[in-house]
Structures are given as C-alpha cells and as structure tokens.
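Asks: Have a look at this one.
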Amino acid sequence: MAANGEFDDSTASGQEPELEEISPLMESPDEECHVIHEADDPDLDENLTQELYDTELEFALNRQYLMIVIEPKVLGDQISKWIRVGNFIHKSSVLCSLGCLASPLFLPPNNRTIVSMTLGGTSLLLTALYDISWQFDPSCKYQVEYDSHNLVKVPLERLTSPSPIVLVYKNDKYRKILHNVGSFAVCIYMGYKAYQYWQ
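Residue 68 in this note's numbering sits at position 67 of the sequence shown; the count goes up by one each step and never skips.
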C-alpha cells in the first residue's frame, strides 16, 4: 500500500507483492570475512535469538570464510571453548602416540611395556573420540585468532562490539595426516606387542 493510501498495481490486480527474505542478523556475503552481529532488538525471544546465531554460524562455517567475526559473547565463548577442547584432544592424542612409540627406547625393560601400552591405548581412545566428534565438524578447520598482526585485518567499520571473537580458517590437511599416521603406527606397535605376548 502506498503512503497516500492508494494500492499499487500488484495489490490492485490481486497479486501478492514479492517479499524479500531478510534475516535481522545476517551480514551480506563477503569473499573473505563474515560478521555475526549482536541482535539489537530487545523484543526478540532469547531462545530464538540463540537459534538465529547458531544458524548463521553454521552457515558461515560451511561457506568456509577466511575470517568469521562473532560479536555475540555467549556464541563466541561457546565456539572458542569447543575449538579449544578439540585442540586439546588432538594434541593429547599425538603426544600419547609419540610417547607410546618413543618410551621403549628410553625406559628400562621392566617399565617400558606397561607405559607404552597405556599411552598407546590412551592415544587410540582420544583418536576415536576426535574422529567421531570433531573430524567432520566444520569448526575443526578454524582457530581463534589472538595475533595482533592478523587482527588488523578485521573490518572494524562493520563491527558494533568492542571485543568480538575472531575465527580464522586453517588448512587442517597436514594436521589430520599427522593425527592418523600416529594412530596407525600405534595400532601396528600394539598389535605386534599383543602378538608377542600370545606367542
């Protein structure tokens, strides 16, 4: 309906005017950076707002933007903790794999088997947990950026929050190779030790 009370052509002809689908939180697509803004509508339901945040974050992760800037504090804290947990499990698995394979070279004979097998079992358990929970999660390709030299790339003119969480895309190809090679080597070692034990 026009401002003067008259119908426009589409309304007068009985046709519904086309409505543009708009998300109140969605930033226009950008090749390198995506900003998830804090919702500024106090009338929005808290659960609905969180659902919109989660949907937009999933969209940005799947699009694999080089940088994702998260203004909502709760969402930023959640994703940064999730990434830290994934990093911890990955690093712990790799270190346990190295410990399993290296401990027989340095420990005395009476301790080496139990220590190496314990580390090997822990490594395989952590690897299974990582593969099930994180390997196919799009967030595993991102890390929280703390380097001030890289943070200068953040488009400040598009932000409304003074302390957003910044995620940067990282190629995890070699990380996964290291992870899987270590676990495979542990499997071979533990299989060999089991074979020796039952002989």
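Yeah, the Cβ is synthetic: ideal placement off N, Cα and C, and Gly gets one too.
For chain D, is any of its Cβ atoms less than 8 Å away from the one on glutamate 59?
Replies: The structure shown contains no chain D; it holds only a single protein chain.
Asks: Mapping DSSP to helix, strand and coil, what is lysine 66?
Replies: In the sequence as displayed, the identity of residue 66 is tyrosine instead of lysine. It is coil, neither helix nor strand.
Asks: I need the straight-line Cα distance from glutamate 7 to histidine 35, nearest angstrom please.
Replies: The pLDDT assigned to glutamate 7 is 44, lower than 50, so where the model puts this residue is not dependable, and the model offers no usable value.
Asks: Return the residue from the list Ser98, Gly121, Val169, Pro73 that minimises the CA-CA distance to leucine 53.
Replies: Leucine 53 has its Cα closest to that of Pro73, out of Ser98, Gly121, Val169, Pro73.
Asks: Taking the alpha helix (DSSP H) that valine 95 falls in, what are its first and last residues?
Replies: Note, valine 95: alpha helix (DSSP H), 74-107.
Asks: Thinking C-alpha only, which one of Ala195, Ala103, Tyr170, Ser162 is nearest isoleucine 37?
Replies: If we check each option's Cα against that of isoleucine 37, Ser162 comes out closest.
Asks: Could you spell out where the alpha helix (DSSP H) holding glutamine 197 opens and where it closes?
Replies: That run of the alpha helix (DSSP H) goes 174-199.
Asks: What does the alpha-carbon distance come out to for the pair glutamine 65 and lysine 142?
Replies: Near 8 Å, if we compare the C-alpha coordinates of lysine 142 and glutamine 65.
Asks: Can you check the segment 138-162 for any beta strand (DSSP E) of at least 3 residues that lies completely inside it and give the ranges in chain order?
Replies: Entirely contained in the segment 138-162, the beta strand (DSSP E) runs reaching 3 residues are, in chain order, 143-145.
Asks: Could you check the C-alpha separation between leucine 26 and isoleucine 166 for me, to the nearest Å?
Replies: Because the pLDDT of leucine 26 is 44, which lies under 50, any placement of that residue in the model is unreliable, and the number read from its coordinates should be weighed accordingly. In a straight line, the C-alpha of leucine 26 is about 16 Å away from that of isoleucine 166.
Asks: Label histidine 150 either buried or exposed according to how many other C-beta atoms from any shown protein chain fall within 10 Å of its C-beta, with 16 as the threshold for buried.
Replies: Looking at its Cβ environment, which holds fewer than 16 other Cβ atoms inside 10 Å, histidine 150 is exposed.
Asks: Report the residue from Pro156, Val116, Cys101, Leu168 whose alpha carbon sits nearest the alpha carbon of tyrosine 190.
Replies: That would be Cys101, whose Cα lies nearest to the Cα of tyrosine 190.
Asks: Terminal residues of the continuous beta strand (DSSP E) containing histidine 35?
Replies: That run of the beta strand (DSSP E) goes 34-37.
Asks: Whole angstroms is fine: what's the gap from leucine 67's alpha carbon to tyrosine 147's?
Replies: Distance between the alpha carbons of leucine 67 and tyrosine 147 is about 15 Å.
Asks: Near valine 116, which residues of its chain fall below 7 Å by C-beta distance, leaving aside the five closest residues on each side in sequence?
Replies: Result list for valine 116: Ser104, Leu108, in chain order.
Asks: Among residues of its own chain, excluding the 5 on either side of leucine 120, which ones have a beta-carbon nearer than 7 Å to its beta-carbon?
Replies: Result list for leucine 120: Cys97, Gly100, Cys101, Ser104, in chain order.
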